[in-house]
Amino acid sequence: MPVPVPRQRAIPAVECGQAPAASPDSGPSTEQAPPGTNPAEHPAARREHPAEKRENPTDTSTETSTGTGALGDRTQEPGAGAVPATRGTTPSTTPTNLTLLLIEDDPAGSPIVPDLLDQSGKPIRVRTARNLTEAERLLTDDVHCILLDLALSAPAPAAARTGGEGGGAGEDDGEGSDELAVLRHVLELAPRHAVLALTSSSDAERGAEAVAVGAQDYLFRDELDGRLLSRAIRYAVERKRSDSAERRLAEGRVRAQENRRLERGLLPTPLLAGSPLRFAARYRPGRSRALLGGDFYDVVRTPDGTVHAMIGDVCGHGPDEAALGVELRIAWRALTLAGLCGDELLGTLQQVLEHERSDEEIFATLCAVDIAPDGRSAGLCLAGHPSPLVAGPGAPARLLPYDNNGPALGLLPGGRWPRTQVELGAEWSLMLYTDGLIEGHVGEGRERLGQDGMVELVRRQIAEGLEGERLLRATVNEVRELNGGELADDVAVVLLDRNP
Numbered sequence: 026m027p028v029p030v031p032r033q034r035a036i037p038a039v040e041c042g043q044a045p046a047a048s049p050d051s052g053p054s055t056e057q058a059p060p061g062t063n064p065a066e067h068p069a070a071r072r073e074h075p076a077e078k079r080e081n082p083t084d085t086s087t088e089t090s091t092g093t094g095a096l097g098d099r100t101q102e103p104g105a106g107a108v109p110a111t112r113g114t115t116p117s118t119t120p121t122n123l124t125l126l127l128i129e130d131d132p133a134g135s136p137i138v139p140d141l142l143d144q145s146g147k148p149i150r151v152r153t154a155r156n157l158t159e160a161e162r163l164l165t166d167d168v169h170c171i172l173l174d175l176a177l178s179a180p181a182p183a184a185a186r187t188g189g190e191g192g193g194a195g196e197d198d199g200e201g202s203d204e205l206a207v208l209r210h211v212l213e214l215a216p217r218h219a220v221l222a223l224t225s226s227s228d229a230e231r232g233a234e235a236v237a238v239g240a241q242d243y244l245f246r247d248e249l250d251g252r253l254l255s256r257a258i259r260y261a262v263e264r265k266r267s268d269s270a271e272r273r274l275a276e277g278r279v280r281a282q283e284n285r286r287l288e289r290g291l292l293p294t295p296l297l298a299g300s301p302l303r304f305a306a307r308y309r310p311g312r313s314r315a316l317l318g319g320d321f322y323d324v325v326r327t328p329d330g331t332v333h334a335m336i337g338d339v340c341g342h343g344p345d346e347a348a349l350g351v352e353l354r355i356a357w358r359a360l361t362l363a364g365l366c367g368d369e370l371l372g373t374l375q376q377v378l379e380h381e382r383s384d385e386e387i388f389a390t391l392c393a394v395d396i397a398p399d400g401r402s403a404g405l406c407l408a409g410h411p412s413p414l415v416a417g418p419g420a421p422a423r424l425l426p427y428d429n430n431g432p433a434l435g436l437l438p439g440g441r442w443p444r445t446q447v448e449l450g451a452e453w454s455l456m457l458y459t460d461g462l463i464e465g466h467v468g469e470g471r472e473r474l475g476q477d478g479m480v481e482l483v484r485r486q487i488a489e490g491l492e493g494e495r496l497l498r499a500t501v502n503e504v505r506e507l508n509g510g511e512l513a514d515d516v517a518v519v520l521l522d523r524n525p
């Protein structure tokens, strides 16, 4: 038999099973006898063997307002005070699945019966508190449900506030407000716990109001039995779990919508007012459920009539890379509108990347073209990026020269990016793209589409009469089909057409 551990305060005889239950004025009761039970046969009125105590299917316990801790979940020895269970104490042999916290001011008259079982047949443990102060101490993480007596007196601040605001109201209104104030206080105290409201059968309206305030259900005090209460507890706990899951799902949907609006707002709006060029773009992020990836593009027209187009790709596929791509795009637009072009612009962009990247190994590729005001020629700068594709009447699609391709941004300090002058002709289509379009697989093997495969694919689409948005849509869809599904990398494609 384990040696009892001395306690810091005297344990009333009723707590150790050596005296009958005291009246509510003299102190709380630790266990309650079911209706119709002979008090002499109740465990609290006789000394019992520890094994018999462990076999009791319901563990009811209370905590006095002046105690140092909750008195629930403890073992007792004959002739000794109750000792809090420690790591070395032999645990109860009866498994417990659910725990109920009963809050009422008259535990001795409680209708709670001891044989409360959950759906699997395991006992439901019961803790009892006479007021909200005790309830707050007994409300631990292992409590699943709270049974609140709506007749419980409201907290003093709430009662005083109610009396001040409702001085002209009737007596019934004041009492109703007090009852709901107690419930609101409990709901605020335990927002993650299921709550059952306990009221009389003559006050069903009050119970319905309690459910409207936030309780999971209400029960009639004079019609309660163990089977009904057990079922109500299980129902309340499952309903609370369902409500919590539904709330988290709704919050997740709101956050997803906000993220989509944010990402959509970060996509560029081309500035081509006054230009005869037509613009089309396709964008598919590689990240699941995302609208924005590490690819970025933009098109602007400067006051001198020059149209500047850019497309780039930040290495990686996470939200940090997407954010860096947005920063580079915004910086490119600001620098372009400020008059920078070619090597000077890319050198400044590299400085921006070096300051904004989270890791020194992150880099970005970029393709930039500046189309002359007459639309017949353009300047091309490549920073480790695939060369654009151009097509025109009577001329099959081809890649622009890429011999002067400079290093990717962020790889070489002090890098240089030569500008190559190219002729476009009177009528043409210019397509800028990221490597996600050419790195997809062809069939089930390891072969990739590559630039040559993409050129042949675009030639065939143009021969079928496709142009503009239809051409980009058909191209991206066919690349996906050849890959056998979604592409792993981000895909961005920009198309500029000149038809005099």
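Here our numbering is used: position 449 in the sequence shown is 474, and no number is missing along the way.
Heads up, the beta-carbon is just placed ideally off N, CA and C, and yes, glycines get one too.
Fair warning: this is a prediction, and the values are worked out from it, not measured in the lab.
- In this chain, the beta strand (DSSP E) harbouring E448 covers 445 to 448.
- For the pair V518 and T165, the Cα-to-Cα distance works out to about 57 Å.
- Beta-bridge partners of F304 (DSSP): L521.
- For I336, the secondary structure class from DSSP, reduced to helix, strand or coil, is strand.
- Put simply, the region 490 to 503 does not touch the region 413 to 424. Fewer than three CB pairs are less than 8 Å apart.
- For L457, the enclosing beta strand (DSSP E) covers residues 453 to 458.
- In this model, A298 and E481 are separated by some 33 Å (Cα to Cα).
- The C-alpha of E379 is placed about 15 Å away from the C-alpha of I355.
- Contact check between the region 347 to 363 and the region 401 to 420: fewer than three CB pairs, one atom from each, fall below 8 Å, which does not count as touching.
- With 16 or more other CB atoms across the displayed protein chains lying within 10 angstroms of its CB, S255 is buried.
- Per DSSP, A397 is not a residue of any beta strand (DSSP E), being assigned neither H nor E.
- Within the same chain, Cβ atoms closer than 7 Å to the Cβ of T390 are found at G337, D338, A408, G409, H410, A433, the five residues on either side in sequence being excluded.
- R303 places its beta carbon 8 Å or farther from that of D368.
- Per DSSP, the beta bridge partners of T224 are F245.
- Straight-line spacing of the CA atoms in A397 and G468 works out to 41 Å.
- The continuous stretches of alpha helix (DSSP H) do not include G417, which lies in the beta strand (DSSP E) extending over residues 414 to 417.
- In the three-state scheme derived from DSSP, where H, G and I count as helix and E and B as strand, Y427 is classed as coil.
- Boundaries of the beta strand (DSSP E) around L125: 123 to 128.
- Relative to T459, the option among F321, R485, R495, A499 whose CA is nearest is F321.
- By the C-beta density criterion, S300 is buried, having at least 16 other C-beta atoms within 10 angstroms.
- Our two residues, R358 and R484, have alpha carbons roughly 31 Å apart in a direct line.
- A straight line joining the alpha-carbon of D384 with that of E263 spans about 47 Å.
- For the pair L214 and E161, the CB atoms are nearer than the 8 Å cut-off.
- With respect to V236, R209 sits apart: the two C-beta atoms are not nearer than 8 Å.
- Residue state for I355 is assigned as helix, using DSSP reduced to three classes.
- Within the same chain, Cβ atoms closer than 7 Å to the Cβ of P310 are found at L316, L317, G318, D515, the five residues on either side in sequence being excluded.
- Its chain contains L296, L297, A298, G299, S300, V332, H333 as the residues whose beta carbon lies nearer than 8 Å to that of R326, once the 5 sequence neighbours on both sides are disregarded; these appear in chain order.
- Scanning Q376, R401, G461, Q476 for the CA closest to the CA of G435 turns up Q376.
- Straight across, the Cα-Cα distance linking V151 with R272 is about 28 Å.
- Inter-residue distance for R505 and L512 is about 6 Å (C-alpha atoms, whole angstroms).
- A residue is called buried once 16 or more other Cβ atoms fall within 10 Å of its Cβ, and D323 is buried on that count.
- Out of F245, A176, D268, G146, the CA that lies nearest to the CA of S225 is found in F245.
- Of the candidates I258, G146, T500, P443, P443 places its Cα closest to the Cα of D428.
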